[in-house]
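Chemist: Here it is, the structure in full.
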Amino acid sequence: MALPQSAYAAREFLAVIGDEHVTDPPDSQKNYLVVDQKTEVSTIEGAFDAFTKQRKDIAIVLINQHIADKIRGTVDGFGEAFPAVLEIPSKDHPYDPEKDSVMKRVRKLFGE
Amino acid sequence: MAAETASTEAGVGSSSGLTQLLDQLDQLWVEYLTFLDQYQAAQGDLKKQLSAGHFSLTQANFKSSNRRPYGQDYYDNRMKASRRCKIDPQDQASLSMRFKVIDTTDSAKSAESAGSAEKDAASEPQQQPSPPSTPTPSGHESSETCTPAAEDNKEKPAAGTTASSHDPLKWFGILLPRELRSAQTSFCTVIKGPLETAANAIRGMRETEAKISKLRKAVRKIEKAGE
Numbered sequence: 107m108a109l110p111q112s113a114y115a116a117r118e119f120l121a122v123i124g125d126e127h128v129t130d131p132p133d134s135q136k137n138y139l140v141v142d143q144k145t146e147v148s149t150i151e152g153a154f155d156a157f158t159k160q161r162k163d164i165a166i167v168l169i170n171q172h173i174a175d176k177i178r179g180t181v182d183g184f185g186e187a188f189p190a191v192l193e194i195p196s197k198d199h200p201y202d203p204e205k206d207s208v209m210k211r212v213r214k215l216f217g218e
Numbered sequence: 002m003a004a005e006t007a008s009t010e011a012g013v014g015s016s017s018g019l020t021q022l023l024d025q026l027d028q029l030w031v032e033y034l035t036f037l038d039q040y041q042a043a044q045g046d047l048k049k050q051l052s053a054g055h056f057s058l059t060q061a062n063f064k065s066s067n068r069r070p071y072g073q074d075y076y077d078n079r080m081k082a083s084r085r086c087k088i089d090p091q092d093q094a095s096l097s098m099r100f101k102v103i104d105t106t107d108s109a110k111s112a113e114s115a116g117s118a119e120k121d122a123a124s125e126p127q128q129q130p131s132p133p134s135t136p137t138p139s140g141h142e143s144s145e146t147c148t149p150a151a152e153d154n155k156e157k158p159a160a161g162t163t164a165s166s167h168d169p170l171k172w173f174g175i176l177l178p179r180e181l182r183s184a185q186t187s188f189c190t191v192i193k194g195p196l197e198t199a200a201n202a203i204r205g206m207r208e209t210e211a212k213i214s215k216l217r218k219a220v221r222k223i224e225k226a227g228e
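Protein sequences, first through last, are from chains A and B.
Quick note, the first sequence lines up with residues 107 to 218 if you use our numbering.
Quick note, the second sequence lines up with residues 2 to 228 if you use our numbering.
Here you go:
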């Protein structure tokens, strides 16, 4: 499963999809999306697709777990090698391993 | 008789091949569980550091004199990413490549300090503007002679602001509460430590998962052939 270097050589940024307490300062091409109560699911999905499929300079995508729950199907269906998608807790929503897409894959592998 | 011997030998061969595959499968399971353990430990650390960061931020907001929360309103949109990721290929059998988070502000600060030292050395002869030879009835000439000094003065703060703009903490003012600094420390620790570990663990689990699936298929194939 050795990937060619071209698949990951340009990936150097961390992207963030989170609420106002999580997002990092922006880069020139905006590698973040601030999500609030007014943000539509389509916007979140669009940002996730942009960071994971369209942009080739993102190495890791951080997403709050409660926001990932809104686009759960898309997050669970993402199976590419890059970027790495990591669900993180937010200020008001603690991390739940039951909902984590990584842990779901683990349970699937164990046949649960 | 010969056919029976041949089938017995084939059975022995397939069983030894099966045993080998099962041993390899066990080894892969051990690797997989190691990565899983690393991932869960990293999530635990991440949770602790983020909680500490949010708590410090809340304390800073509570103690803020102007009652304005430290948030997006202070952001400088010209800011560039202060942390970048590098993906290094590895020779390990368990992990073909590794994520590494790099702090770009350290290299920028060292480059700037070298640059500003060079600027200071170059600007020393210019820091003493020549006095006007004749008194000026209007302020025109004096403003011209003052301009190079003003420009020199502008250069130094410019170098200072470039250096300070790499630290987002500078956006929030000069006298910063201690809690805001500790919030920044906590969040930066998240990026460098648990996040890097978790990303590498996810990568390792995906690679090992693919190998396990492949090996399971091979085992099933041999078991079916042996039936």
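Every residue gets a Cβ at the ideal spot worked out from N, C-alpha and C, and that includes glycine.
What is the C-beta distance between Leu29(B) and Thr209(B), in whole angstroms, given that I count them as a contact (C-beta under 8 angstroms)?
Modeler: Right, the Cβ-Cβ distance comes to about 6 angstroms (below 8 angstroms), so this counts as a contact.
Chemist: Do you know offhand how far Pro158(B)'s Cα is from Phe173(B)'s?
Modeler: The pLDDT assigned to Pro158(B) is 38, lower than 50, so where the model puts this residue is not dependable, and the model offers no usable value.
Chemist: Is DSSP giving Met1(B) helix, strand or coil here?
Modeler: Limits of chain B in this structure are 2 at one end and 228 at the other, which puts residue 1(B) out of reach.
Chemist: Less than 7 angstroms between CB atoms is the rule here; does Glu118(A) satisfy it with respect to chain B?
Modeler: True, the Cβ-Cβ gap to chain B drops below 7 angstroms.
Chemist: On the three-state DSSP scale, how would you describe Glu258(A)?
Modeler: An answer regarding residue 258(A) cannot be provided, because it is not within the stretch 107 to 218 covered by chain A.
Chemist: Can you check whether the C-beta of Leu139(A) is within less than 7 angstroms of a C-beta belonging to chain B?
Modeler: Not an interface residue.
Chemist: Return the CA-CA distance between Ala52(B) and Gln111(A), expressed in angstroms with no decimal places.
Modeler: What sits at residue 52(B) in the sequence shown is Ser, not Ala. The alpha-carbon atoms of Ser52(B) and Gln111(A) are separated by roughly 37 angstroms.
Chemist: Cβ closer than 8 angstroms: which chain B residues qualify as neighbours of Val208(A)?
Modeler: Those are Tyr40, Ile203 and Met206, listed as they occur along chain B.
Chemist: I need the boundaries of the beta strand (DSSP E) containing Glu197(B), first residue and last residue.
Modeler: Run containing Glu197(B): none in the beta strand (DSSP E); it sits in the alpha helix (DSSP H), Pro195 to Gly227.
Chemist: Mind checking whether Val208(A) and Ile203(B) have CB atoms under 7 angstroms apart?
Modeler: Cβ atoms of Val208(A) and Ile203(B): closer than 7 angstroms.
Chemist: Let me see if you follow: with CB-CB separation under 7 angstroms, is Glu210(B) close to chain A or not?
Modeler: Interface residue, yes.
Chemist: Starting from Leu29(B), find everything on chain A with Cβ-Cβ shorter than 7 angstroms and list it in chain order.
Modeler: Result: empty, since nearest Cβ-Cβ is about 11 angstroms, beyond 7 angstroms.
Chemist: Taking a Cβ distance cut-off of 7 angstroms, strictly less, list which residues of the segment 44–61 of chain B are near chain A, in chain order.
Modeler: So the close ones are Gln44, Leu47, Lys48, Leu51 and His55.
Chemist: What do you reckon, are the CB atoms on Ser183(B) and Ser57(B) nearer than 7 angstroms?
Modeler: Yes, the Cβ-Cβ distance between Ser183(B) and Ser57(B) is below 7 angstroms.
Chemist: If you draw a straight line from the alpha carbon of Val212(A) to that of Val191(A), how long is it in whole angstroms?
Modeler: Between Val212(A) and Val191(A), the C-alpha separation is close to 15 angstroms.
Chemist: Can you name the residues of chain A whose CB is closer than 7 angstroms to the CB of Arg69(B)?
Modeler: Per Cβ cutoff of 7 angstroms: no residues; Arg69(B) is ~14 angstroms from chain A at best.
Chemist: Using the three-state DSSP reduction, which class does Asp198(A) fall into: helix, strand or coil?
Modeler: Coil at Asp198(A), not helix or strand.
Chemist: Secondary structure at Tyr71(B), three-state DSSP: helix, strand or coil?
Modeler: The answer is coil: DSSP assigns Tyr71(B) none of H, G, I, E or B.
Chemist: Taking only beta-carbon atoms, is Pro89(A) less than 7 angstroms away from chain B?
Modeler: In the structure displayed, chain A extends from 107 to 218; residue 89(A) sits before or after that span and is not available.
Chemist: Whole angstroms is fine: what's the gap from Ala42(B)'s alpha carbon to Thr35(B)'s?
Modeler: Looking at the two C-alpha atoms, the distance is approximately 11 angstroms.
Chemist: Could you name the residues of chain A that Ile223(B) contacts, counting a contact when the two beta carbons are closer than 9 angstroms?
Modeler: Residues of chain A passing the Cβ test: none, with the nearest at roughly 20 angstroms.
Chemist: How many angstroms separate the CA atom of Lys48(B) from the CA atom of Gln185(B)?
Modeler: Going from the Cα of Lys48(B) to the Cα of Gln185(B) covers about 15 angstroms.
Chemist: Tell me whether Tyr76(B) sits in a helix, a strand or coil according to DSSP, three-state version.
Modeler: In the structure shown, Tyr76(B) sits in coil (DSSP, three-state: anything other than H, G, I, E or B).
Chemist: Under 7 angstroms between C-beta atoms, does Cys86(B) make it to chain A?
Modeler: Yes, contact with chain A.
Chemist: Whose CA, out of Ile192(B), Gln91(B) and Asn201(B), lies closest to the CA of Gln50(B)?
Modeler: Closest by alpha carbon: Ile192(B).
Chemist: Between which residues of its own chain and Met98(B) is the CB-CB distance below 6 angstroms, once the five residues before and five after are set aside?
Modeler: The residues are Ile88, Pro90 and Gln91.
Chemist: Step through the CB atoms of chain B and report whether any lies within less than 7 angstroms of the CB of Ile169(A).
Modeler: Output row for Ile169(A): interface = no.
Chemist: Please report whether the beta-carbon of Lys219(A) lies at a distance below 7 angstroms from any beta-carbon of chain B.
Modeler: Coverage of chain A is limited to positions 107 through 218, which leaves residue 219(A) absent and any answer about it impossible.
Chemist: Which first and last residues belong to the alpha helix (DSSP H) in which Ile150(A) is found?
Modeler: Val147 to Asp155 is the span of the alpha helix (DSSP H), which, as asked, contains Ile150(A).
Chemist: Residues of chain B with CB closer than 8 angstroms to the CB of Ala187(A), please, in chain order.
Modeler: Those within 8 angstroms of Ala187(A) in chain B are Arg204 and Arg207.
Chemist: May I ask you to report which of helix, strand or coil DSSP gives Glu256(A)?
Modeler: This structure cannot speak to residue 256(A), because chain A is shown only from 107 to 218.
Chemist: Beta-carbon of Ile166(A) versus every beta-carbon of chain B: anything under 7 angstroms?
Modeler: So, interface residue.
Chemist: Starting from Leu215(A), trace the alpha helix (DSSP H) both ways and give me its first and last residue.
Modeler: It spans Ser207 to Leu215 - the alpha helix (DSSP H) in which Leu215(A) sits, taken as one unbroken run.
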